[in-house]
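Here the structure is laid out as structure tokens; the discussion comes afterwards.
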Amino acid sequence: MDLHSGLPYWIIKNPLFDYYNPLKMDLETDIVIIGSGITGALMTHELCRKGLKCCVVDKRSIATGSSAASTALLQYEIDVPLCQMAEQIGEKNAVTAYRSCLQSISDIETVLKETGIDADFEQLPNIFYASDEKGVKLIEREYEIRKRYGLPVELLSKEELHKQYQLETYAGALLNRQSAQLDAYKAATKLFRYHIENDHLQIFTHTEVTSCEEAPEGCRLKTKDGRTIRCKYVIVAAGFEAGQFLPEKVMKLTSTYALISHPIDNKDLWPERCLIWETAEPYIYVRTSGNRIIIGGEDEDFNDPKARDELLREKTEKLERKFHKLLPSVPFKTEMTWCGTFSTTKDGLPFIGAWPGTERIFFDLGYGGNGITFSMIGAQIICNLIQGKDDERKEVFGFERIHTTL
Ligand SMILES: Cc1cc2nc3c(=O)[nH]c(=O)nc-3n(C[C@H](O)[C@H](O)[C@H](O)COP(=O)(O)OP(=O)(O)OC[C@H]3O[C@@H](n4cnc5c(N)ncnc54)[C@H](O)[C@@H]3O)c2cc1C
Numbered sequence: 033m034d035l036h037s038g039l040p041y042w043i044i045k046n047p048l049f050d051y052y053n054p055l056k057m058d059l060e061t062d063i064v065i066i067g068s069g070i071t072g073a074l075m076t077h078e079l080c081r082k083g084l085k086c087c088v089v090d091k092r093s094i095a096t097g098s099s100a101a102s103t104a105l106l107q108y109e110i111d112v113p114l115c116q117m118a119e120q121i122g123e124k125n126a127v128t129a130y131r132s133c134l135q136s137i138s139d140i141e142t143v144l145k146e147t148g149i150d151a152d153f154e155q156l157p158n159i160f161y162a163s164d165e166k167g168v169k170l171i172e173r174e175y176e177i178r179k180r181y182g183l184p185v186e187l188l189s190k191e192e193l194h195k196q197y198q199l200e201t202y203a204g205a206l207l208n209r210q211s212a213q214l215d216a217y218k219a220a221t222k223l224f225r226y227h228i229e230n231d232h233l234q235i236f237t238h239t240e241v242t243s244c245e246e247a248p249e250g251c252r253l254k255t256k257d258g259r260t261i262r263c264k265y266v267i268v269a270a271g272f273e274a275g276q277f278l279p280e281k282v283m284k285l286t287s288t289y290a291l292i293s294h295p296i297d298n299k300d301l302w303p304e305r306c307l308i309w310e311t312a313e314p315y316i317y318v319r320t321s322g323n324r325i326i327i328g329g330e331d332e333d334f335n336d337p338k339a340r341d342e343l344l345r346e347k348t349e350k351l352e353r354k355f356h357k358l359l360p361s362v363p364f365k366t367e368m369t370w371c372g373t374f375s376t377t378k379d380g381l382p383f384i385g386a387w388p389g390t391e392r393i394f395f396d397l398g399y400g401g402n403g404i405t406f407s408m409i410g411a412q413i414i415c416n417l418i419q420g421k422d423d424e425r426k427e428v429f430g431f432e433r434i435h436t437t438l
């Protein structure tokens, strides 16, 4: 699958990880992780810190799938607002999902701190503004339910948004101070380096897994080059390409667009460099990386790479226009643009766990706008399940819900 095109900023900003190690013989090991993106990296870290032996297999170079294209905002707010999710899956489960995402942001920070990795993680305020009258009503309902469940949230008026953050909006917004941003490519590649050095982690790159079967005593994987891997457990962290290992389609693939500005004078950026997004669908979102501005969004409901790429110029212009309207005082000139595959699920939640009726093949699929925070939650749940520990979050994110809520 063509996961991204254009010029994703992160693979220009960071040195490429020149690691090349295709699997050249059959292998027997404990746990195999398919995928070396941010999900595979967080999964590897979680297993290694619990002393579990694993190896990673990827058909590409390390972390050059979606993680290299990600704009990597870390938010506890999910694409489906809490008030709507509560109607879909019940208040208890929806609140668990939101609280899990909130916790996940500090858990990612902890992972980076305990490994001493600098992946440009920054905790920043987050503004979710009402784009129109429908958005105003949504913001009111959302504020009430988040407040009731003790989630961090403040209400700002249109005037306050302008005075404090220079924003020109239709109406007010929700603000929280517990969001963050990072460089997902840097985080993934550095985490892998760390575990190669500290835990003798084996990564087999340029090795495509073509089949994965579960038997009572273990799992058997076949690679495109005809090698066989036998192991006790498999964790599929194959991102938007994981469909080949699933008996049914569980998500909808879409296309998304992003761009980064020329560097600008720090004094011209808006106060606190907060993350910004809106209630409209599709929404635009804004973050910074150093003294540059990243804008993303303008999602399209299809995933044909050719059609996706043809729209890049038009989408860039739309994103630029929206940004100028939102922050007219900030000078902005696009430096580079890219687009990528994205995916959504109906309830906005990822799929984490084993397919019903199976026990040894786990999926960590952070589908949706919170892919990275979901990946962290998935790493913890799967690690617990492999260790025979229960995890109360597993029902909220598990595959069991596909026939009820989807
Ligand atoms: C433009 C854009 C903006 C985004 N913004 C955000 C955001 O702001 N916040 C957020 O949380 N998320 C965001 N996301 C989503 C987020 O980037 C993804 O959820 C995340 O990167 C997925 O990581 P992953 O490791 O699961 O997948 P990937 O990074 O794609 O890694 C999966 C790996 O599996 C490998 N693989 C697949 N199939 C096989 C196979 N058969 N055999 C061997 N290897 C295989 C691939 O080669 C790939 O390297 C964004 C995505 C895009 C494209």
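So the working numbering is basically just the index in the sequence shown, starting at one, shifted up by 32.
Glycine is no exception: its CB is placed at the ideal position from the N, C-alpha and C atoms.
Just so it is clear, the structure is predicted and the values come from calculations on it, not from any experiment.
Report the CB separation of PHE429 from PRO382 in whole angstroms; it is logged as a contact under 8 Å.
6 Å
Relative to the alpha-carbon of VAL282, which residue among GLY372, GLU310, ILE384 has its alpha-carbon at the smallest distance?
ILE384
Let me know the alpha helix (DSSP H) ranges lying completely inside the region 376 to 422, each 4 residues or longer, listed in chain order.
403 to 418
Can you list, in chain order, the residues of its chain whose CB lies under 7 Å from that of GLY372, leaving out five sequence neighbours each side?
The residues are LEU35, HIS36, SER98, ALA101, THR288.
Taking DSSP as the reference, what is the three-state secondary structure of SER136?
helix
At the level of alpha carbons, what is the spacing between ARG259 and GLU240?
10 Å
At the level of alpha carbons, what is the spacing between PRO47 and LYS222?
Each residue's Cα considered, the two are about 11 Å apart.
My parser needs the beta strand (DSSP E) runs of 3 or more residues fully inside the region 118 to 190; what are they?
154 to 161, 186 to 188
Using the Cβ count rule (16 or more neighbours within 10 Å means buried), how would you classify LYS347?
Buried.
Counting pairs of Cβ atoms below 8 Å between the region 295 to 312 and the region 152 to 169, do you hit three or more?
yes
Per the contact definition of three or more C-beta pairs closer than 8 Å, is the region 116 to 136 in contact with the region 73 to 80?
No, because fewer than three Cβ pairs between the region 73 to 80 and the region 116 to 136 fall closer than 8 Å, the two stretches do not touch.
Run through DSSP, which three-state label would LEU438 get?
At LEU438, the pLDDT of 49 sits below 50, so the modelled position is not reliable; the number obtained from the coordinates is stated separately. When DSSP states are grouped into helix, strand and coil, LEU438 belongs to the coil group.
So, LEU344 versus ILE325, is the Cβ gap smaller than 9 Å?
Result no, Cβ atoms of LEU344 and ILE325 do not sit closer than 9 Å.
From this set, ALA212, ILE327, PHE406, which residue's C-alpha is nearest THR128's C-alpha?
PHE406 is the residue among ALA212, ILE327, PHE406 whose C-alpha sits nearest the C-alpha of THR128.
Can you give the Cα-Cα distance for ILE413 and LEU359, rounded to whole angstroms?
40 Å
Rank PRO113, TYR108, LEU114 by C-alpha distance to the C-alpha of ASP139 and give the top, closest one.
Comparing alpha-carbon positions, the option among PRO113, TYR108, LEU114 lying closest to ASP139 turns out to be TYR108.
What span of residues does the alpha helix (DSSP H) with ILE228 cover, start to end?
216 to 231
Do ARG411 and ALA220 have their C-beta atoms within less than 9 Å of each other?
This sequence places Ala at residue 411; Arg is not what is there. No, the pair does not count as a contact, with Cβ atoms beyond the cut-off.
Less than 9 Å separating the beta-carbons of VAL88 and PHE277?
no
What residues in its chain sit with their C-beta under 7 Å from that of ASN335, if we drop five residues either side in the sequence?
LEU285, THR286, SER287, THR373
Check whether the Cβ of CYS371 sits closer than 8 Å to any heavy atom of ligand 1, and report yes or no.
yes
Touch check for the region 260 to 275 and the region 114 to 124: three-plus C-beta pairs under 8 Å?
no
With DSSP as the reference, identify every bridge partner of GLN213, one or two as the case may be.
LEU105, GLU154
Less than 8 Å between the CB of ASN402 and some heavy atom of ligand 1, yes or no?
yes
In terms of residues, what are the limits of the beta strand (DSSP E) holding ALA441?
Outside the displayed range of the chain (33 to 438) lies residue 441, so it cannot be described from this structure.
If we require 3 or more residues per run, which beta strand (DSSP E) segments fall completely within the region 303 to 370?
307 to 310, 316 to 321, 324 to 332
Pull the bridge partners of ARG252 from the DSSP assignment, please.
GLU245, ARG262
Should ALA212 and GLN155 be called a contact, given that it needs their Cβ atoms to be closer than 9 Å?
yes
In three-state terms, what does DSSP make of VAL112?
DSSP places VAL112 outside both helix and strand once states are collapsed to three, so it counts as coil.
Quick test of your reading: THR237 and TYR51, contact by CB under 8 Å. State the CB separation rounded to the nearest angstrom.
6 Å
Going by C-alpha to C-alpha distance, which of ASN230, ILE409, ASP422, ILE43 sits closest to LYS218?
ILE43
Would you please verify whether the beta carbon of ILE44 is less than 9 Å from any beta carbon of chain B?
The structure shown contains no chain B; it is built from a single protein chain.
Need the endpoints of the alpha helix (DSSP H) that GLY72 sits in, please.
70 to 81
Buried or exposed for MET57, going by 16 or more other Cβ atoms inside 10 Å?
exposed
Look at the Cβ atom of ILE393, then the Cβ atom of TYR265, and state whether they are nearer than 9 Å.
yes
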